[in-house]
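Below: one structure, written as structure tokens.
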Amino acid sequence: MNRGQTVIDFGIGAGVFIIAVGIVFAFVPTMFEPFSTAAGNSPVVADRTADHLTGSLLATDPATPSVLSTACTAAFFGSNESLGDNADCGFNTTESTGDLLGVDRNVNVTVRHLSDSPTTGPPVTRTVDGTDYTLTRGDDNTASEVTVANRVVMIEGDQYRFVVKVW
Amino acid sequence: MRRTQTVDDTDRGQAHTVEAFIAALLLVSGLLFAMQATAVTPLSASTSNQHIENQQRALTGDLLSTAAEDGTLQEAVLYWNASRGAFQDSPDQGYYTDSGSQNTFLSRLNDTLAERRIAYNVRLRVHNTTGTPSRRTVSMVGMGRPSDNAVTASRMITLPDSAMLTGSDSRSLSTVASKPNESFYAPDADPANELLYNRVEVRVTTWRM
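Going down the list, the protein sequences come from chains F and G. Take the first sequence: its letter number 9 is residue 9 in my numbering, and every next letter is one higher. To convert a position in the second sequence, counted from 1, into my numbering, add 167.
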């Protein structure tokens, strides 16, 4: 019998095909990795939280975002209910950070000096009505996968970096 | 009958190796096509990440709006040496070619962006009264050609006739315009009006170094 095909020929062909199928199937899951990690939508959550805080919740006037009200900022970070009520800030500062911001994951909000590291620098301390307020709020034990959103804010003429971490 | 059977067996039109290569090629090209369709894959450069670009744009926009709020943006725009026809203390090009702390706005850009390895160009767009185009672009800081993943934030400020230069010659814009040997980068857009001088759009383009 003169079949135009040998066993070796078939073996090589089938081998090449099976290897190609294997590589393609192994690669497909990694293509979707950026969308399916635990982080998922946290870039959006971090960004919107930072926008919400600097643009309306703590802003002196929504027309001038990033210029923060001193009293509302102190009330927010220091959980000082009476200070917040007197300044008419429009939020209940004794609620947990997640409830206050409407975020169902861990949030840390910290104000740092512009020249310090955005993620590890020490928080800013400001004095309002003779009381010192450390401008940080939320759990500090961050997980390994954290999404960070950055803003620049102005409090009484001083510029700071406003950092929101979500995980 | 027997003869036909023999012909069938000898001329089987099939070569498994070539077929397998074609099938493998199809699979791989399908995968490459799918990779082009998705925006971000593990192989994409990290600086093109949309989140990073958004953060840079927000940061620059905030720097501009806070500077406009406390007046340092206008101070930077007017930091001009009228007799030299260039920004104060700038090199021969007439604009700053590196990050620096010549005035408050520039030192804030330096602290916030350059220290974090983000490069920036600052350009000013002003109304042109003579000829076309109707808008002129002047460089304030030029650190090079932006990368493909650069983002831009801009802010408009209005200069009155009475605005004083903040450089070494402290004169108002209308005085500078009336002197023949002194110049400002923007012309008086409305000479009939005592109040308005020109409107400046400050554009900051940032990219990761």
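Note that CB positions come from ideal geometry on N, CA and C, so glycine has one too.
Contact list for residue i against chain F, beta-carbon separation under 7 Å
i	result
L198 (chain G)	V24, F27
L230 (chain G)	V152
Under 7 Å by beta carbon: chain G residues contacting residue i
i	result
F17 (chain F)	A187, A190, A191
I12 (chain F)	T184
A71 (chain F)	Residues of chain G passing the Cβ test: none, with the nearest at roughly 18 Å.
V21 (chain F)	L194
Residue environment, residue i, which counts as buried when at least 16 other CB atoms sit within 10 Å
i	result
K272 (chain G)	Lys is not the amino acid found at residue 272 (chain G); the sequence shown has Phe there. Classification of F272 (chain G): buried, given that the 10 Å Cβ count is 16 or more.
D229 (chain G)	buried
I8 (chain F)	exposed
L332 (chain G)	buried
D278 (chain G)	buried
Q260 (chain G)	exposed
A143 (chain F)	exposed
T233 (chain G)	buried
D355 (chain G)	buried
F76 (chain F)	buried
V28 (chain F)	exposed
Q222 (chain G)	buried
Chain F contact residues for residue i, given Cβ-Cβ distances below 9 Å
i	result
E220 (chain G)	Under the 9 Å cutoff, chain F gives no residues; its nearest Cβ is about 11 Å from E220 (chain G).
R275 (chain G)	L114, V152, Q159
D237 (chain G)	V67, M154, G157, Q159
Residues sharing a beta bridge with residue i, DSSP
i	result
F162 (chain F)	F:V111, F:R151
I324 (chain G)	G:V367
S379 (chain G)	Outside the displayed span of chain G (168 to 376) sits residue 379 (chain G), for which this structure offers no information.
Y262 (chain G)	Paired residues: none, contrary to the question.
S372 (chain G)	One point to set straight first is that residue 372 (chain G) is Thr, not Ser, in the sequence displayed. Answer is G:N288, G:T319, bridged to T372 (chain G).
A253 (chain G)	G:N248
V67 (chain F)	F:M154
8 Å Cβ cutoff, residue i in contact with chain C
i	result
V195 (chain G)	This model lacks chain C altogether; the protein chains it does include are F and G.
Three-state secondary structure (DSSP) of residue i
i	result
G197 (chain G)	helix
A286 (chain G)	strand
T319 (chain G)	strand
M202 (chain G)	helix
N248 (chain G)	strand
P43 (chain F)	helix
A87 (chain F)	coil
T131 (chain F)	strand
T49 (chain F)	helix
L280 (chain G)	coil
L226 (chain G)	helix
G138 (chain F)	strand
R169 (chain G)	Because R169 (chain G) sits at a pLDDT of 46, beneath the cut-off of 50, its placement in the model cannot be relied upon, and the point is left open.
Supposed contact pair residue j and residue i - C-beta distance, whole angstroms, cut 8 Å
i	j	result
V293 (chain G)	V305 (chain G)	7 Å
L231 (chain G)	V369 (chain G)	6 Å
A187 (chain G)	A14 (chain F)	7 Å
V244 (chain G)	I324 (chain G)	7 Å
V124 (chain F)	Y160 (chain F)	6 Å
M310 (chain G)	T239 (chain G)	In fact, because the Cβ distance is near 20 Å, the residues do not count as touching under 8 Å.
Contact list for residue i against chain G, beta-carbon separation under 9 Å
i	result
D47 (chain F)	H218, N221, Q222, A225
A149 (chain F)	H218, N221, Q222, A225
Neighbour list for residue i in chain F, Cβ cutoff strictly below 8 Å
i	result
M202 (chain G)	M31
T233 (chain G)	S66, V67, V152, V153, M154, Q159
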